[in-house]
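Please read the structure below before turning to the comments.
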Amino acid sequence: MITEVYEKINKDLKEIDPEIYDLIVKEIIRQGEGINLIASENYAFKAVLQAMGTPLSNKYAEGYPKKRYYSGCEYVDIIEELAIKRLKELYKAEYCNVQPHSGAQANMAVYFAILRPGDTILTMSLNCGGHLTHGSPVNFSGIIYNVVHYEVSRANELIDYDMIRDLAIKYKPRLIVAGASSYPRVIDSKIIAEIAKEVEAFFMFDMAHYSGLIAADLYPSPVNHADFITSTTHKTLRGPRGGVIIAKKEYEKLINKWVFPGIQGGPLMHVIAAKAVAFKLAQSPEFKDYQRQVLINAKILAEELKNQGIRIVTDGTDSHMVLCDLRSIGLTGKEAENILNEVGIFVNKNVIPFDPQVPAVTSGIRLGTPAITTRGFKEQETKELAKLIALALKEPNKKDYIKSKVIELSQAFPVYKIYL
Ligand code: DSN
213 MITEVYEKIN
223 KDLKEIDPEI
233 YDLIVKEIIR
243 QGEGINLIAS
253 ENYAFKAVLQ
263 AMGTPLSNKY
273 AEGYPKKRYY
283 SGCEYVDIIE
293 ELAIKRLKEL
303 YKAEYCNVQP
313 HSGAQANMAV
323 YFAILRPGDT
333 ILTMSLNCGG
343 HLTHGSPVNF
353 SGIIYNVVHY
363 EVSRANELID
373 YDMIRDLAIK
383 YKPRLIVAGA
393 SSYPRVIDSK
403 IIAEIAKEVE
413 AFFMFDMAHY
423 SGLIAADLYP
433 SPVNHADFIT
443 STTHKTLRGP
453 RGGVIIAKKE
463 YEKLINKWVF
473 PGIQGGPLMH
483 VIAAKAVAFK
493 LAQSPEFKDY
503 QRQVLINAKI
513 LAEELKNQGI
523 RIVTDGTDSH
533 MVLCDLRSIG
543 LTGKEAENIL
553 NEVGIFVNKN
563 VIPFDPQVPA
573 VTSGIRLGTP
583 AITTRGFKEQ
593 ETKELAKLIA
603 LALKEPNKKD
613 YIKSKVIELS
623 QAFPVYKIYL
């Protein structure tokens, strides 16, 4: 049930557009009652949502602080400067741009800044956990550039750095890209930086998935190794949906030019304010504790699922995510996603390295612990959840029991108390 407080705050919306109001309420309830294990999602800080739902959205501020194309930017200038200062502090960075509307736009701005159509880029294969904007044939990056992919080793499913070096020497890429959406292990940006230097390529690290862990010093930072670092702000960081770019100071003018006016118009000032809030909160000791628990929960999840007979890709995790190979229990990723959805556990089907299934089916599911940790799950609850997942996947007739347990667990750990 939605709270009276929520109804009161949103009284106008309810009256003006009951259809949309009702759907928002349903989504809030869905998020609250279900258990979210989608590794790229999280529950943003409440203060982040508050900063986003403001009249800052009304302001046009094309340009950069103190160099805008519109008047009346005195307050949004300070907001953007604060966001920049905090992001630089958070990652000990020389320069950053907080305007990209998304991770995809952050990547696009870097590509457009340093590449020309037809240039070769060396990136992680999507089948091994790479991102769509790292050269997928259905994405602009795969259409505009000549893409060469490196893979993980078939033997241990870890990134094959020798393969990166061999391909870099053979194809002489202008850019090497690292970062992944379903690689649970540490990515060694130092080795990749050395390879990039050897072949005189640029090196971009897309830390979208790992940015919260990196901010908390719990995953190796690519700063000082990569020329460009891109990220989203809504995953492990718990900020608003959006993107950022970090780079060496020498690229400031080039990147700024390519974000605006290169590929974007007016920045989303309400989102930039919310990013600033998230960057402030990410510097707190509580955030570090939170990220520690994210890692502990991911390890417990992997261990317990393994105990239940589910094969874990790379046999474990160094991060917030766990990739399961469901061939070990005779299911596809699509089947598992549907079964878990029915009991209120949200996951996404995901290719595993060298997956024999097509991406719409897959042999795996990807699980992540950022969202459950935000709502307060610790070791005990995570272990219980892993058992419920295995039970749901192995014994379809227990659905009602599992669903009631999921509701029990989620009610014990409410998300936004003010709403639900
Ligand atoms: N779509 C995001 C993810 O789920 O990882 C970024 O690729």
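Heads up: the sequence shown begins at 213 in the working numbering, then just goes up one per residue.
Ideal Cβ positions, reconstructed from N, Cα and C, are used throughout, including at glycine.
For the ligand DSN, the residues with a Cβ under 5 angstroms from any of its heavy atoms are, in chain order, Ser252, His343, Ser393.
Measuring C-alpha to C-alpha distances from Ala459 to each of Glu245, Cys308, Tyr218 identifies Cys308 as the nearest. Contact between the segment 377-389 and the segment 399-413 is present: 3 or more CB-CB pairs across the two stretches fall below 8 angstroms. The bridge partners DSSP lists for Ser443 are Val456. Taking 8 angstroms as the cut-off, the Cβ atoms of Tyr373 and Asp400 count as close.
In the same chain as Pro608, and ignoring 5 residues on each side of it, the C-beta atoms closer than 8 angstroms to its own belong to Ile551, in chain order. Between Ile512 and Lys447, the C-beta spacing is not below 8 angstroms. One alpha carbon belongs to Ile577, the other to Ala548, and they sit about 7 angstroms apart.
Distance check between Ala390 and each of Asp378, Glu369, Ile381, His361 places His361 closest, using alpha-carbon atoms only.
Excluding five sequence positions before and after Ser443, the CB atoms of its chain that fall closer than 6 angstroms to its own CB belong to Met419, Ala420, Ser423, Val456, given in chain order. Partner residues in the beta bridge of Cys536, as assigned by DSSP, are Ile524, Ile577. Gly315 is classed as buried because its beta carbon has at least 16 other beta carbons within 10 Å across all chains shown. Taking a contact as a CB-CB distance under 8 angstroms, the pair Ile240 and Ile584 does not count as one, their CB atoms being some 17 angstroms apart.
Per the coordinates, the alpha-carbon of Glu216 lies some 24 angstroms from the alpha-carbon of Gly588.
Setting aside the 5 residues that flank it on each side, Ile403 is surrounded in the same chain by Tyr373, each with a C-beta closer than 6 angstroms to its C-beta; the list follows chain order. By the criterion of at least three beta-carbon pairs nearer than 8 angstroms, the segment 461-476 is in contact with the segment 274-288. Boundaries of the alpha helix (DSSP H) around Val217: 216-221. Excluding five sequence positions before and after Leu268, the CB atoms of its chain that fall closer than 6 angstroms to its own CB belong to Met481, His482, Ala485, given in chain order. Judged by DSSP in its simplified three-state form, Val471 adopts helix.
Around the CB of Gln262, fewer than 16 other CB atoms lie within 10 Å, so the residue is classed as exposed. Between the segment 290-305 and the segment 514-528 there are fewer than three inter-stretch CB-CB distances shorter than 8 angstroms, so the stretches are not counted as touching. Pro329 sits away from Thr526, with the two beta carbons spaced by 8 angstroms or more. Rounded to the nearest angstrom, the Cβ distance from Val559 to Leu249 is 5 angstroms, consistent with a contact under 8 angstroms. For Asp229, there is no enclosing alpha helix (DSSP H), as DSSP marks it with neither H nor E. Between the alpha carbons of Thr574 and Ala602 lies a gap of roughly 18 angstroms. Note on geometry: alpha-carbon atoms of His343 and Pro452 lie some 20 angstroms from one another. The beta carbons of Gly347 and Val364 sit about 16 angstroms from each other, so the pair does not count as a contact at 8 angstroms. Distance check between Asn509 and each of Tyr282, Ile441, Leu597 places Leu597 closest, using alpha-carbon atoms only.
Sorting Leu466, Asp537, Leu425 by C-alpha distance to the C-alpha of Arg504 places Leu425 at the top. Around Gly244, the same chain offers Val627, Leu632 as residues with beta carbons nearer than 6 angstroms, after the five sequence neighbours per side are excluded.
For Phe417, DSSP records a beta bridge to Ala390, Ile441.
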